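The structure under discussion appears below in the form of structure tokens.
There are 2 protein chains.
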Amino acid sequence: MLVMRELLLGARRFSDLRSDLPAISANVLTQRLQELENRGLVRRRKLPPPASVQVYEATEWGLEAAPLIREMGRWAARSPLHDPTLPLSGVSIMLSFTAMLDAGRAKGFAGAVAFRFGEMVYVAQVANGAIQVARGEPEYGAALIVGEPTNVAAVVYGGAPLELLQIEGDRALAGRFLSLFTLPPKAN
Amino acid sequence: MLVMRELLLGARRFSDLRSDLPAISANVLTQRLQELENRGLVRRRKLPPPASVQVYEATEWGLEAAPLIREMGRWAARSPLHDPTLPLSGVSIMLSFTAMLDAGRAKGFAGAVAFRFGEMVYVAQVANGAIQVARGEPEYGAALIVGEPTNVAAVVYGGAPLELLQIEGDRALAGRFLSLFTLPPKAN
DNA sequence: CCGTATCCAATAAGATACTG
DNA sequence: CAGTATCTTATTGGATACGG
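See the structure below:
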């Protein structure tokens, strides 16, 4: 399931997956990708030249698991044992935005914010109380936030100061964006 | 997750769980229940006298997993490898009704049908294009269907003849009820 | 860089016997 | 009936070395 999650925002290379799933060894990742391919959830594809590199991508059916994984995340965050300060991947934090958007606060907000984690760039776009997340280019956002996913989570969900992150462009917009999200109340 | 699923329609005893999860051994079930209790998903409770028997029930938070499990079921049924003739428990078939209700067909239907699997009785109630499933008494339904869960699935999802099931009460209603459900199209 | 193959250690699960 | 305890086997995963 974690491999699928990492593919939900677009195709990835073997080593990208490995570095975002730090606890997985090469042989296990190979095996998982095989299994997912056999079951019709993942497709291997060769990028056209000049890239000519092999990537793994979720099939259409695989992508249909996205809402499930999002809602599982929201449900699991209510666990008494949930700890939002644990390390997480770039895809995880971006997907968490779609799970944790506070509808009330989002009403009064519109705009796009880009995130860069290492080489990967994602853009989150909020309008009409809804959010959309996708891979993108830095310039697609009015602001660009650079930092570790874990630090973004610390700011958004842990109340850590904005200074943890490097922000370019519309800093005010970025600040407001980062306060649109709330964890659901814990069970118990 | 399978243990949780079995608790979604109400508290069960240790041996009920064991017989509905036929591949689980006693020690593993003990361990699972411990784990689920530690995580706040399951509660042990002693039924008041004269029953005075111990049961396991899902906590409120545990019950919030019900829609997730339902949608996982619906999603998984699209697997090219999915086989609807495999054995399943009473809870499973009842939950599948909530996942597979065909909104169009359900529009023109209203009524309650009871199912008895061994000692357990469940009632499904359809009205206004929606379905509700719960534990109940046979007399809560205008019809009572008795049979193996697997045979119910064979009729509903496999096009097997009604004769596989024993039906008491309003047989016509039961027949129409059993045709309200369709599996989602397979992926691929 | 993208894996595959091999080997070993840790874990999980099945069977079975037993107890309050 | 409702588990617990013990033992054994099977599976999984980590580490590592290697090949296209």
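For the protein sequence lines, the chains are P and E, in the order given.
Sequence positions in the first sequence follow the working numbering and run 1 to 188.
Sequence positions in the second sequence follow the working numbering and run 1001 to 1188.
Virtual Cβ for every residue (Gly too), placed ideally from N, Cα, C.
Quantities reported herein were computed from a predicted structural model and do not represent experimental measurements.
Taking only three categories from DSSP, how would you classify E/Val1152?
The answer is helix: DSSP assigns E/Val1152 an H, G or I state.
Quick one: using the 10 Å Cβ neighbour count with 16 as the cut-off for buried, is P/Val141 buried or exposed?
Per the sequence presented here, residue 141 of chain P reads as Gly, with Val not at that position. Buried.
Among E/Asp1170, E/Gly1147, E/Ala1058, which residue has its Cα nearest to the Cα of E/Leu1008?
Measuring from the Cα of E/Leu1008, the nearest candidate turns out to be E/Ala1058.
Taking Cβ-Cβ distances shorter than 7 Å, what residues in chain E pair up with P/Gly73?
The contacting residues do not exist; P/Gly73 stays about 10 Å from chain E at best.
How far does the alpha helix (DSSP H) with E/Gly1062 in it reach, from first residue to last?
Segment 1060-1063, the alpha helix (DSSP H) holding E/Gly1062.
Checking contacts by CB at 9 Å: is P/Ala65 closer than that to chain E?
With 9 Å as the cut-off, P/Ala65 counts as an interface residue toward chain E.
Identify whether E/Met1120 lies in helix, strand or coil by the three-state DSSP scheme.
Of the three classes helix, strand and coil, the one that applies to E/Met1120 here is strand, per DSSP.
As a quick exercise: from P/Ile24, P/Val28, P/Pro184, P/Asp16, pick the residue whose alpha carbon is nearest that of P/Gly118.
Residue P/Asp16 holds the alpha-carbon nearest to the alpha-carbon of P/Gly118 among P/Ile24, P/Val28, P/Pro184, P/Asp16.
C-alpha distance - P/Ser179 paired with P/Ala153, whole-angstrom precision
The C-alpha of P/Ala153 is placed about 11 Å away from the C-alpha of P/Ser179.
Go ahead and label P/Thr85 buried or exposed: buried means 16 or more other beta carbons lie within 10 angstroms of its beta carbon, across all protein chains shown.
That one is exposed.
Identified DSSP bridge partners for P/Lys107:
Answer is none; P/Lys107 lacks a bridge partner.
Excluding sequence positions up to five away, which residues of its chain have a Cβ less than 7 Å from the Cβ of E/Pro1087?
Hits under 7 Å: Thr1150.
Pair every Cβ in the stretch 1032-1039 of chain E with every Cβ in the stretch 1111-1130 of chain E, then say whether three or more of these pairs are closer than 8 Å.
The answer is no - the stretch 1111-1130 of chain E does not touch the stretch 1032-1039 of chain E, with fewer than three Cβ pairs under 8 Å.
Starting from P/Ala134, trace the beta strand (DSSP E) in both directions and tell me its first and last residue.
Run containing P/Ala134: 130-135, per the beta strand (DSSP E) assignment.
Given this structure, state the Cα-to-Cα distance separating E/Glu1139 from P/Asn128, to the nearest angstrom.
E/Glu1139 and P/Asn128 have their alpha carbons spaced roughly 48 Å apart.
Taking 9 Å as the threshold (beta carbon to beta carbon), is E/Glu1057 in contact with chain P?
So no, E/Glu1057 is outside the interface.
Per the DSSP calculation, P/Val113 is bridged to which residue(s)?
Bridge partners of P/Val113: P/Ala124, P/Ala143.
Expected contact under 8 Å - CB spacing of E/Ala1174 and E/Val1113 to nearest Å:
With a Cβ gap of about 6 Å, E/Ala1174 and E/Val1113 count as contacting.
Compare the C-alpha of E/Ala1066 against each of P/Pro22, P/Leu63, P/Ala76 and name the closest.
When the alpha-carbon of E/Ala1066 is set against those of P/Pro22, P/Leu63, P/Ala76, the nearest one is in P/Ala76.
Quick one: residues in its chain with C-beta nearer than 7 Å to the C-beta of E/Asp1102, no 5 flanking neighbours on either side, listed in chain order?
Leaving aside the five residues that flank E/Asp1102 on each side, the residues in its chain whose CB is nearer than 7 Å to its CB run, in chain order, Leu1180, Phe1181, Thr1182.
Buried or exposed: P/Val53, going by 16 or more other Cβ atoms within 10 Å of its Cβ?
Under this definition P/Val53 is an exposed residue.
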